[in-house]
Every structure is written in C-alpha cells, then in structure tokens.
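S.K.: Numbering (the numbering used here), first residue to last: 155 to 635. Beta carbons: idealized from backbone N, C-alpha and C, even for Gly. Note that this is a predicted model, so its numbers are computed, not measured.
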Amino acid sequence: MAPAQGTGEGRLLGRRLRGREGFASLADFPARPVAPPGGDILLAQTRAEEEAMANAYEQLMDAELDAELARLETQADETAAQGLKLDMARGKPSPEQTALSRPMLDLVSSSTPLVDGDAIVDNYGTPEGLPSARRLAAQILGVDAKNVVVSGSSSLNLMHDLVAHAFVHGVGGCEPLCRQGEVKWLCPSPGYDRHFAVTASFGIKNVPVPMGEDGPDMDLVQDLVEGDPTVKGIWCVPKYANPTGVTYSDEVVRRFAGLRPAAPDFRIYWDNAYVVHCFEGRDDALLDIFAAIGKAGGSRLAYEFGSTAKVTFPSSGMAFVAADDEDIAEVRAAFAVERVSSEKFSQLAHPLFLHDLEGVREHMARHAAIVGPRFALVEQKLQEGLGGMGLASWTHPHGGYFVSFDGPEGSARRIVALMGELGVKLTPAGATWPYGRDPRDSNIRIAPTYPSLEDLGRALDVFVLAVRLVCARMEGERRAR
155 MAPAQGTGEG RLLGRRLRGR EGFASLADFP ARPVAPPGGD ILLAQTRAEE
205 EAMANAYEQL MDAELDAELA RLETQADETA AQGLKLDMAR GKPSPEQTAL
255 SRPMLDLVSS STPLVDGDAI VDNYGTPEGL PSARRLAAQI LGVDAKNVVV
305 SGSSSLNLMH DLVAHAFVHG VGGCEPLCRQ GEVKWLCPSP GYDRHFAVTA
355 SFGIKNVPVP MGEDGPDMDL VQDLVEGDPT VKGIWCVPKY ANPTGVTYSD
405 EVVRRFAGLR PAAPDFRIYW DNAYVVHCFE GRDDALLDIF AAIGKAGGSR
455 LAYEFGSTAK VTFPSSGMAF VAADDEDIAE VRAAFAVERV SSEKFSQLAH
505 PLFLHDLEGV REHMARHAAI VGPRFALVEQ KLQEGLGGMG LASWTHPHGG
555 YFVSFDGPEG SARRIVALMG ELGVKLTPAG ATWPYGRDPR DSNIRIAPTY
605 PSLEDLGRAL DVFVLAVRLV CARMEGERRA R
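1. The beta strand (DSSP E) with Ser558 in it runs from where to where?
2. So, are the CB atoms of Val304 and Phe433 less than 7 Å apart?
3. Suppose you measure from the CA of Phe559 to the CA of Asp272; what does that come to, to the nearest Å?
4. Quick check: what's the CA-CA separation for Thr233 versus Leu531?
5. Report buried or exposed for Pro364, applying the criterion of at least 16 other Cβ atoms within 10 angstroms of its Cβ.
6. From which residue to which residue does the alpha helix (DSSP H) around Ala450 run?
7. Out of Leu502, Val465, Gln334, which has the shortest C-alpha to C-alpha gap to Ala519?
8. Residue ranges of each alpha helix (DSSP H) run of no fewer than 4 residues wholly in the stretch 562-610, ordered along the chain?
9. Taking Asn396 as part of the beta strand (DSSP E), name the residues at either end of that continuous run.
10. Could you pull the DSSP bridge partners for Pro370 from this structure?
11. With Arg414 as the anchor, note down where its alpha helix (DSSP H) starts and where it stops.
12. Go through its chain and collect everything with a Cβ distance to Glu563's Cβ below 7 Å, but skip five positions before and after it.
13. Quick check on Val375: does DSSP put it in helix, strand or coil?
14. Does DSSP put Ile274 in a helix, a strand or coil?
15. Checking 7 Å against the spacing of the C-beta atoms, do Tyr211 and Cys625 come in under that value?
16. Helix, strand or coil for Ser355? Go by DSSP, reduced to three states.
17. With the cut-off set at 7 Å, would you say Phe241 and Lys579 are in Cβ contact?
18. To the nearest angstrom, how far is it from the Cα of Gly542 to the Cα of Arg627?
19. Can you list, in chain order, the residues of its chain whose CB lies under 8 Å from that of Tyr589, leaving out five sequence neighbours each side?
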C-alpha cells in the first residue's frame, strides 16, 4: 500500500506542548504542529492546508448546508434500519489469521517426546520457560536467551505483574511504590488503553506525553524523567505503535537509552508487541533498546515485552519479557514466588511449529497477505469519502493493527456514539488517552483486522457517513449560535 503523496492529505503532524508549566493538565495540549522530515509513515492534512481549506461544510451557503444535512440524515435513517451488527472495536486477528496456526495443534500429542533439553514438559519446574521457547523469544526480540523469561500467553499480564512487583515489593532494592506517596507514569498519547488501565489500577498517576511522527516528545520525557523522582516508568509501543503506527526513530531510541532517571527505580516498559507485524512488504527498522543502553553506558533501565498473541493464537500463544542481567534475575525471583511452572505444552509447540526467526517471518508474511488488503481498504474508503474535504486526518502505517483517525475538535464522542446507533461498534472515544480524556475529543482508533473484507467495507461506509453527518451537524450548530 503506497503512502499518500502531495497535498490534500499531506502528513500527520505531531502535536507538542507549548511549555512545560502545568503539564499534568490535559487542557495544555495545543494544536501547534511540528513539521515531519518528509517521512511517509503517516497520512493527514497539514495545519496550513486545513485552515486554507476551511472544510467543505464551512464553505457551503446556508441552503446548501441544509440540503446536505437532510441528505445525510436520510442516509443515516436508512442505515439504522438495516440493523447492522459490525465490530471494529479491538485489534483482534481474524478467523482467517488464526486458521494459519491450526497445524501447530497437531504437533504435541500422546506420542510427542515431552522433554526439551534438560527440561521436563509434563511436570513441575522451569518457571523461566522451556529452553527452546526462550531461544525463539530471544530471536524475535533480538536478545540473548539467558535474558528472557517466557511465561503464560499474555504480555499484558507480565507487564501487570512487574508493575505489581514494583508497587508491592519495590524494584532494585528501592522502597515499594505503595510507600512512596504519589508516583507518576508517563503515557505517550494517543496510546494503548490497556497500558493506562494497568497503572491507573494501582493509583499511579498517568501523565500524558504527546506523540510525534517519530515517537514521544523526548525533550519532555527527558525533563520529566531526569527532573522528577516521582516518575517511575513510561509505557512504550516502539514499533507500529498502537494506535498511530509510528516506529520510533533511531534518535528517539538513543535518547531513551541515554536517560539518567532521577528515580533509581524508573523503568521503561518497552512493549514490542508488533516487532514482526509488517504488512507492506517492507519492515520498519527499530534500534535495539538494550544495545543502545549499553552503548550509552547505562543499565537496569528497561523491560522489553513480546508475545505470539498475534502470531499464532491470542489466547494460547506464549508471552515473554527480556531485561539486562540484574533485572532479569530479579524478575525470575519475583515470578518464582507465584509460578511453580509455566504452561509448557504451548511453549513446546511454538518452536516445533515456527522453528526460528526465519520461520516466524515466513508465517507473518501469510498474515500480511490477509491484513494488508484490510488496511488498503481503510485507505481507499477514507480517501473516497473524506479526502480533500478538510474534515479529518488519519495515519497510514506500514504494520501493526490500527489506524489513528482525527476529526474536528469535539467530534470523536459524537462520531462513536452515532456509529453505535448505526450498528457499528468502535473503541470508545477518548480510550487512547489516560483516563479516557482526549483533550481535543478528536481521536478515534480504527481496528480493521477482525471483520471480513465485506463487513469492513460496510463498516467503513458507515464510518464515513457518521463523520460527515457529525461534521455537518456541528457546522449547523455553529451557525445557529
């Protein structure tokens, strides 16, 4: 899927803060853009183009707007009467994708040797994960197997457990977070709602950090991490980020690696969920965070997470975490208290099925053949229905599971609510920001992977209708004031 070129839809502009004062207030996020360096990852309108275009509905005479509103309202009534039940709410693999891994189910049977090196598969033990599973996980993340723990099927579960460990027991010999008073966690936004929910569940204060076209605002990250000892962590999805699709630039990764936190128990939670999930025949390059930390002379700074949830089966994959020598030893000790053994049959099956990193890439190419056309359809429908109108902007990722869409300020909740009335479920508006509070009420996450192509096309047609109708209504309301 080729990136958009030229005017009309231009490039997505990372919004940044005007200053550092009052950062914790969401209202402090302005709409001032930062011009990107000519990259082709994202698709959107420049601020100048948006202002010059005014937007299609602002240019209509009153009678023309009334006629357009009547036409759109009629279409909405007709759509509602169809009784649609379509879902674009979460980033789930489609049944076609999970079917790709069904042969793995045949690889562990009553005749399969239940040993893996020195590890016994059908009994207690090996809480750090089977050797073959750790080798495969290490290849996926690009680290040494001795620095990996494989446990369970959910990387989010591992993240939660490590936040809980920091909260209850402390990290690196530091006081538990629960005894330190108010502590904070940085949340690049728009970002992953389930990340934000983990830290919020412990009463940790989630602090938004604006995302640009190459990652989080690192000037702000550095100021906060190095200047405030109550900042204890940051959530990161460094490759094909949820929901923007951004891959962090080398410079951003190096700046993360060079952080010298004011808090010795600060950790980067590097959620590399989409490390092998490209779909355009090209794979964004992401700098190795641990190599960068070592080169910068640092240590004990990051945990890296991954899983095969969107490689094999979301409910029955294998999840893993990597860290440097001291941190992974602490992870293993912490997990040993609650884990006598991992679920090892799935761990045995995955290396038998995927073999190695090359096998993973071959398998993911089959996923890409299914996922790629869905993202192409999103681009086609949004361009055909909204392109050139000055109403919205959206991202154009090379991989991952989402498209990030921005409508006019104050429109997202109305669009999502109208979509529900018309029979299409979306991620709740505001979910991509901490506490569900999008300061502009403009961002909507589109998850195109689960529906069939036919259902996705219908859902996108409804989405275009909802965006246009909400924008037309807002213009009518503006004129009536």
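M.R.: According to the structure data:
1. 557-560
2. no
3. 50 Å
4. 20 Å
5. buried
6. Counting along the chain, Ala450 falls outside any alpha helix (DSSP H), and DSSP gives it neither H nor E.
7. Val465
8. 566-575
9. Run containing Asn396: none; DSSP gives neither H nor E here.
10. Met365
11. Arg414 -> no alpha helix (DSSP H), and no H or E assigned at all.
12. Arg594, Asp595, Ser596
13. helix
14. strand
15. yes
16. helix
17. Checking the sequence, you will find Asp at residue 241 rather than Phe. Yes.
18. 19 Å
19. Phe350, Ala354, Asn360
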